[in-house]
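In the order they appear, the protein sequences are chains A and B. Residue numbers 1 to 77, in the working numbering, belong to the letters of the first sequence in order. Residue numbers 1 to 77, in the working numbering, belong to the letters of the second sequence in order. Worksheet: the structure to be examined is printed underneath.
2 protein chains.
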Amino acid sequence: MNKSIFYHAGCPVCISAEQEIVNLIGANNVEVVHLGEKRQHIEAAETAGVKSVPALVTPTGNVLHINYGASMADVKG
Amino acid sequence: MNKSIFYHAGCPVCISAEQEIVNLIGANNVEVVHLGEKRQHIEAAETAGVKSVPALVTPTGNVLHINYGASMADVKG
């Protein structure tokens, strides 16, 4: 199975969601990308359809927006 | 591991999210509850902290609201 990608921006709700997702899916099945630290990934995230973080992009390309932490506009600052 | 509970209300975004979640977590690890068909579960869902569906209540009791499909008020009708 291809990996899912979990995008977040370091906010508390993101970290909480990250821990849950990693526990549920398994650390080997998900790549975690901190958009605040890796800003070069923002364009790829937006292209994948990420509207807010935290979000999980599944291997099938669907985007599951989890909670509502910060808009992509906020991540860009 | 205790099961997660995935609450939804039959809307298209719910069904899509359900399939993703079941694929990612594994069907044996998640109980799916259709609140539109099992309205007696609405109170338990609200008590668990579900504010909108679809939502995943994890074994640790955290609620991950996924996308934003329908508010609990909409589910109650």
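From the three backbone atoms N, C-alpha and C, an ideal C-beta is built for every residue, glycine too. Remember, predicted model here, so these are calculated numbers, not experimental data.
For B:Ile25, the chain A residues whose C-beta falls within less than 8 Å of its own C-beta are Leu24 and Ile25, listed in chain order.
Counting only runs of at least 4 residues, the region 12–69 of chain A fully encloses the following alpha helix (DSSP H) elements, listed from N- to C-terminal order: 12–25 and 42–48. Residues of chain B with a Cβ closer than 7 Å to the Cβ of A:Ile15 do not exist; the shortest Cβ-Cβ separation is about 12 Å.
By the criterion of a C-beta distance shorter than 8 Å, A:Ile15 is surrounded in its chain by His8, once the five residues flanking it on both sides are discounted.
Here the alpha carbons of A:Ala48 and B:Cys11 stand approximately 23 Å from one another. Any Cβ of chain B closer than 8 Å to the Cβ of A:Ile5 would place that residue at the interface, and such an atom is absent.
Burial is judged here by how many other beta carbons sit within 10 angstroms of a residue's own beta carbon; B:Ala17 has at least 16 and is buried. In terms of beta-carbon proximity, B:Asn67 lines the interface with chain A, with at least one pair separated by less than 8 Å. By the neighbour-count definition (other C-beta atoms within 10 Å, threshold 16), B:Thr60 is an exposed residue. Within chain A, the residues whose beta carbon sits less than 7 Å from that of B:Thr58 are Glu20 and Leu24, listed in sequence order.
Taking 8 Å as the upper bound for CB-CB distance, B:Val53 and B:Leu35 are in contact here, some 6 Å apart. Residue-level contact by beta carbon fails for A:Asn2 and chain B, as no gap is shorter than 8 Å.
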